[in-house]
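Q: Residue numbers (my numbering): 46 to 470.
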């Protein structure tokens, strides 16, 4: 059964079939080979997506689209400019800071890449060239699913089944700040090495205060949503609904840039995201069922136990596995296929579920900038018209920084767990 699934997935995926359908047909082939009752599969699929927490994904996606359509990016860029000041390569730093703040609104890397690409890329390209602009925006966009709220954390929590969404949200704050700091350090290094021009105005406390007041409504959204979830005032799904209402109020009455004509497109984009994730989860539930029947989780646990008893060695092996998978498979597909297998194995090693869930999610998120199948690479290449080979050649320093932060937090668990434990998760 397992061999049939593996062969079917490789063949169908290699032929270019969408991954969700490749997973579904491969699972069907495995069920037929294993002589399993096919009548059970539809029920497994429906049960997997009949989930209240999953409703947070379309709601967070919609809230992000509404905030972006409300043209919050201008305020974020002005705020970032005010605190960076006139330094070499300053626009690159502005990009990372803007991405860090935008991450508290959008929850996905593609949304951040699109929003940043449409606003700051022209100025970045003029100052530093299109290849560098595309690489900075692509790398910074990965802050989207790491800083809460995060669609990747929601999918992992649903698939793993043994971890709190709120705890995962909080776990991303410190590593997200570390990643942003690392990206800015690399921007500074490259700017000085390549003698990029100075940008921005000298730091002025009056201007910082003005831009802070203008951007205050943007800062409040993640504070209200994530803070409410953390305090137990509402669930992640209810917080996402509150985020939608907040985005409507900000867009219509504060920035006054959101129009009724924007709503159909925002709803459509949120629906597309939901359909993709829902199809992946539904079809992957068939694979999970077949794996369970074949006792694959137990066999893998025994295999790894035979290789090592050390939890850190297990984490290293998982990081390497996900690094390889991320080069060829889209993030959501990895989440829905491997989280149900690896989460119980991590528990058998005594690894904290929030810690492992964060590492798993961050690892697959970084696959978005890892060639050859990094979705963010394709988005930025299309938006900036930078050839893929040129983009890869320019983004690799930021890829190294990103994986450096991943391996740092992998072996210093308090960086991930300090805030969740402080909030009682």
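Cβ atoms here follow ideal geometry from the backbone N, Cα and C, with glycine treated the same way.
Quick caveat: nothing in here was measured; it's all calculated off a predicted structure.
Run through the DSSP bridge pairs and tell me what residue 132 is partnered with.
A: Numbered from its first residue, the chain shown carries residue 132 at position 87. Answer is 244, bridged to residue 132.
Q: Taking the alpha-carbon positions, what's the residue 284 to residue 47 distance?
A: Within the chain shown, numbered from 1, the residue matching residue 284 stands at position 239. Within the chain shown, numbered from 1, the residue matching residue 47 stands at position 2. Going by the C-alpha atoms only, they are around 39 Å apart.
Q: Taking residue 378 as the reference, which of 63, 56 and 53 has the closest Cα?
A: Position 333 of the chain shown, counted from the first residue, corresponds to residue 378. Selected option, being the one with the closest Cα: 63.
Q: Please state whether DSSP places residue 374 in a helix, a strand or coil.
A: Residue numbering aside, residue 374 sits at position 329 when the chain shown is read from its first letter. Correct three-state label for residue 374: coil.
Q: Can the beta-carbon of residue 382 be found less than 9 Å from the beta-carbon of residue 68?
A: Along the chain shown, read from residue 1 onward, the residue named residue 382 stands at position 337. Along the chain shown, read from residue 1 onward, the residue named residue 68 stands at position 23. Their beta carbons are under 9 Å apart, which means residue 382 touches residue 68 by this criterion.
Q: Sort 52, 66, 414 and 76 by Cα distance to residue 335 and report the nearest one.
A: Locating residue 335 in the chain shown gives position 290, where the first residue counts as 1. The residue among 52, 66, 414 and 76 with its C-alpha nearest the C-alpha of residue 335 is 76.
Q: Short check: CB of residue 414 to CB of residue 443, under 9 Å?
A: Within the chain shown, numbered from 1, the residue matching residue 414 stands at position 369. Within the chain shown, numbered from 1, the residue matching residue 443 stands at position 398. Cβ atoms of residue 414 and residue 443: closer than 9 Å.
Q: So, residue 404 versus residue 447, is the Cβ gap smaller than 9 Å?
A: Position 359 of the chain shown, counted from the first residue, corresponds to residue 404. Position 402 of the chain shown, counted from the first residue, corresponds to residue 447. No, these two residues do not count as a Cβ contact at 9 Å.
Q: Would you report the Cα separation of residue 277 and residue 109, rounded to the nearest angstrom?
A: Within the chain shown, numbered from 1, the residue matching residue 277 stands at position 232. Within the chain shown, numbered from 1, the residue matching residue 109 stands at position 64. Rounded to whole angstroms, residue 277 to residue 109 spans 22 Å at the Cα level.
Q: Give the DSSP-derived three-state secondary structure of residue 123 in the structure shown.
A: For the purposes of this step, residue 123 is taken as the residue at position 78 of the chain shown. If DSSP states are grouped into helix, strand and coil, residue 123 belongs with the helices.
Q: Go ahead and pull the three-state DSSP assignment for residue 354.
A: Looking up residue 354 in the chain shown gives position 309. Three-state result, residue 354: coil.
Q: Under three-state DSSP, which class holds residue 312?
A: For this step, residue 312 is matched to residue 267 along the chain shown. Residue 312 falls in the helix class under three-state DSSP.
Q: Would you please state the rounded distance, in angstroms, between the beta carbons of residue 397 and residue 451? I believe it to be under 8 Å.
A: By one-based count along the chain shown, residue 397 stands at place 352. By one-based count along the chain shown, residue 451 stands at place 406. With a Cβ gap of about 17 Å, residue 397 and residue 451 do not count as contacting.
Q: For residue 97, which residues in the same chain have their Cβ closer than 7 Å to its Cβ, ignoring the five residues on either side in sequence?
A: Counting from one through the chain shown, the residue named residue 97 turns up at place 52. Around residue 97: 282.
Q: Curious, which full-length alpha helix (DSSP H) runs of at least 4 residues does the segment 420-467 contain?
A: 420-429, 433-456 and 459-467
Q: If we call anything under 9 Å between Cβ atoms a contact, is residue 137 one with residue 236?
A: Residue numbering aside, residue 137 sits at position 92 when the chain shown is read from its first letter. Residue numbering aside, residue 236 sits at position 191 when the chain shown is read from its first letter. The answer is yes: Cβ separation under 9 Å.
Q: Residue 176 by DSSP, collapsed to three states: which one?
A: The count along the chain shown starts at 1 and reaches residue 176 at position 131. It is helical.
Q: What is the DSSP secondary structure of residue 330, counted as helix, strand or coil?
A: Residue 330 sits at position 285 when you count from the first residue of the chain shown. Residue state, collapsed to three classes: helix.
Q: Should residue 428 be labelled buried (16 or more other beta-carbon atoms within 10 Å of its own) or exposed?
A: One-based indexing of the chain shown puts residue 428 at position 383. With 16 or more other Cβ atoms within 10 Å, it is buried.
Q: My output table needs one value for residue 471: the three-state DSSP class, helix, strand or coil.
A: No answer is possible for residue 471: the residues shown for the chain start at 46 and end at 470.
Q: Out of 148, 364 and 182, point me to the one whose CA is closest to residue 117's CA.
A: Counting from 1 along the chain shown, the entry for residue 117 is found at position 72. Ranking the options by Cα distance to residue 117, first place goes to 148.
Q: May I have a chain-ordered list of the alpha helix (DSSP H) segments no shorter than 4 residues that lie completely inside the segment 267-298?
A: Listed in chain order, the complete alpha helix (DSSP H) runs (minimum 4 residues) inside the segment 267-298 are 281-294.
Q: Who are the near neighbours of residue 394 in its chain, counting only those whose CB is closer than 6 Å to its CB and skipping five residues on each side?
A: The count along the chain shown starts at 1 and reaches residue 394 at position 349. Cβ neighbours of residue 394 beyond the five flanking positions: 356 and 359.
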